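Colleague: Chains as they are written, first to last, in this note's numbering: chain B, 6 to 118; chain H, 382 to 493.
We put the CB at the ideal spot given by N, CA and C, even for glycine.
Note that this is a predicted model, so its numbers are computed, not measured.
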Amino acid sequence: AQSVTQPDIHITVSEGASLELRCNYSYGATPYLFWYVQSPGQGLQLLLKYFSGDTLVQGIKGFEAEFKRSQSSFNLRKPSVHWSDAAEYFCAVGAPTGNQFYFGTGTSLTVIP
Amino acid sequence: DVKVTQSSRYLVKRTGEKVFLECVQDMDHENMFWYRQDPGLGLRLIYFLYDVKMKEKGDIPEGYSVSREKKERFSLILESASTNQTSMYLCATGLAGADTQYFGPGTRLTVL
């Protein structure tokens, strides 16, 4: 069965520090991969997505993610975190053959001054 | 830009009431989705519609129904609201089941 795992429930980083949020998936073929961000009390906003091609994907707000097929991972990175990046981050997988969509359980990011 | 709106940001209802949550999209997307989000449980799919009218149950359809009278409007119906349906409800739209989903701002429903 397809699944998405975000191993870190909560992460705290200092403002200006680098960030990496982990995402692993289980799927037989290459899925579509997504990262979303949710600010408190808001809906989900798409940060970036990967369908095919270059495995390093650039997104909005200075985020990037790298697809590593051998590790079944799609980790989200940002070189320097800003206080406004504090939010909940969701990794998601679209399974083209089954026309399904799966979300991870999310990682909550706290940014300290 | 895709715009997805939800009829209310906050809603308070009483147990036993029939509740309608409405979602409107402006991108002519075939697929629309309703999720509920609860702390520690992530997003759980309630229902989705594809090809405009084809309805599929998600992970937690019990106590809910859906309606899509027009392509751009998708309603989630709580037939008889209960306190355990207090939650954040998120609507999303997309071109295909596996493709990008675009979310509305959410409705925080409290059932007393």
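1. Count Cβ pairs between the stretch 460–479 of chain H and the stretch 432–448 of chain H that sit closer than 8 Å; are there 3 or more?
2. For Val433 (chain H), which residues does DSSP report across the bridge?
3. Can you name the residues that DSSP bridges to Gly397 (chain H)?
4. Entirely within the stretch 433–477 of chain H and at least 3 residues each: give me those beta strand (DSSP E) ranges in chain order.
5. Under 8 Å between the Cβ atoms of Lys54 (chain B) and Phe68 (chain B)?
6. Residues of chain H with a CB under 9 Å from the CB of Pro101 (chain B): which are they?
7. Excluding the 5 residues preceding and the 5 following Leu476 (chain H) in the sequence, name in chain order all residues of the same chain whose CB lies nearer than 8 Å to its CB.
8. Quick check on this structure: which residue in H:Trp415, H:Ser448, H:Tyr431 and H:Thr386 has the alpha carbon closest to the alpha carbon of Arg425 (chain H)?
9. If contacts are defined as beta-carbon pairs under 8 Å, then Leu26 (chain B) and Leu81 (chain B) qualify, I think. What distance do you get, rounded to the angstrom?
10. On the DSSP bridge assignment, give the partners of Trp40 (chain B) in chain order.
11. Can the beta-carbon of Val383 (chain H) be found less than 8 Å from the beta-carbon of Met408 (chain H)?
12. Taking the CB atoms as reference points, tell me whether Ser77 (chain B) and Ser44 (chain B) lie closer together than 8 Å.
13. Check whether the Cβ of Phe401 (chain H) lies closer than 8 Å to any Cβ atom in chain B.
14. Residues of chain B with CB under 7 Å from Phe484 (chain H), in chain order?
15. Measuring only the C-alpha atoms, how far is Ala100 (chain B) from Ala479 (chain H)?
16. When every heavy atom of the ligand FAD is checked, does at least one fall within less than 7 Å of the C-beta of Tyr391 (chain H)?
17. Are the Cβ atoms of Thr520 (chain H) and Val393 (chain H) separated by less than 8 Å?
18. Identify whether Asp419 (chain H) lies in helix, strand or coil by the three-state DSSP scheme.
Modeller: On the basis of the coordinates in this document:
1. Counting C-beta pairs closer than 8 Å gives three or more between the stretch 460–479 of chain H and the stretch 432–448 of chain H, which meets the contact rule.
2. Start at 1 with the first residue of the second sequence, and residue 433 (chain H) comes out as number 52. For Val433 (chain H), which the question treats as bridged, DSSP gives no partner whatsoever.
3. For the purposes of this step, residue 397 (chain H) is taken as the residue at position 16 of the second sequence. Beta-bridge analysis with DSSP links Gly397 (chain H) to no other residue.
4. As summarised for the stretch 433–477 of chain H, the continuous beta strand (DSSP E) elements at least 3 residues long and confined to that stretch are 435–438, 445–448, 454–459 and 468–475, given in chain order.
5. For the purposes of this step, residue 54 (chain B) is taken as residue 49 along the first sequence, with counting starting at 1. For the purposes of this step, residue 68 (chain B) is taken as residue 63 along the first sequence, with counting starting at 1. Going by C-beta atoms, Lys54 (chain B) is not nearer than 8 Å to Phe68 (chain B).
6. Here residue 101 (chain B) corresponds to residue number 96 of the first sequence, with the count starting at 1. In chain order: Ala477, Gly478, Ala479 and Asp480.
7. For the purposes of this step, residue 476 (chain H) is identified with residue 95 of the second sequence, where counting begins at 1. Contacts found: His410, Glu411 and Asn412.
8. Indexing the second sequence from 1 puts residue 425 (chain H) at position 44. Out of H:Trp415, H:Ser448, H:Tyr431 and H:Thr386, H:Trp415 has the C-alpha closest to the C-alpha of Arg425 (chain H).
9. Counting from 1 along the first sequence, the entry for residue 26 (chain B) is found at position 21. Counting from 1 along the first sequence, the entry for residue 81 (chain B) is found at position 76. Contact between Leu26 (chain B) and Leu81 (chain B) holds: CB atoms are separated by about 4 Å, below the 8 Å threshold.
10. Counting from 1 along the first sequence, the entry for residue 40 (chain B) is found at position 35. Paired residues: B:Leu53 and B:Cys96.
11. By 1-based counting over the second sequence, the position of residue 383 (chain H) is 2. By 1-based counting over the second sequence, the position of residue 408 (chain H) is 27. In contact: Val383 (chain H) and Met408 (chain H) (Cβ atoms closer than 8 Å).
12. Taking the first residue of the first sequence as position 1, residue 77 (chain B) is located at position 72. Taking the first residue of the first sequence as position 1, residue 44 (chain B) is located at position 39. Not in contact: Ser77 (chain B) and Ser44 (chain B) (Cβ atoms no closer than 8 Å).
13. On the second sequence, residue 401 (chain H) is found 20 positions in, with the first residue counted as 1. Interface flag for Phe401 (chain H) against chain B is unset, since no Cβ pair is found closer than 8 Å.
14. Mapped onto the second sequence, residue 484 (chain H) falls at position 103. Within chain B, the C-beta atoms nearer than 7 Å to that of Phe484 (chain H) come from Gly48 and Leu49, in chain order.
15. Within the first sequence, the letter at position 95 stands for residue 100 (chain B). Within the second sequence, the letter at position 98 stands for residue 479 (chain H). The alpha-carbon of Ala100 (chain B) is positioned some 5 Å away from that of Ala479 (chain H).
16. Judged by which ligands are present, the structure shown has none, so any question about the ligand FAD falls away.
17. This structure does not reach residue 520 (chain H), given that chain H is present from 382 up to 493, and the question cannot be answered.
18. Your numbering for residue 419 (chain H) matches position 38 in the second sequence. In the three-state DSSP reduction, Asp419 (chain H) falls in the strand class (E or B).
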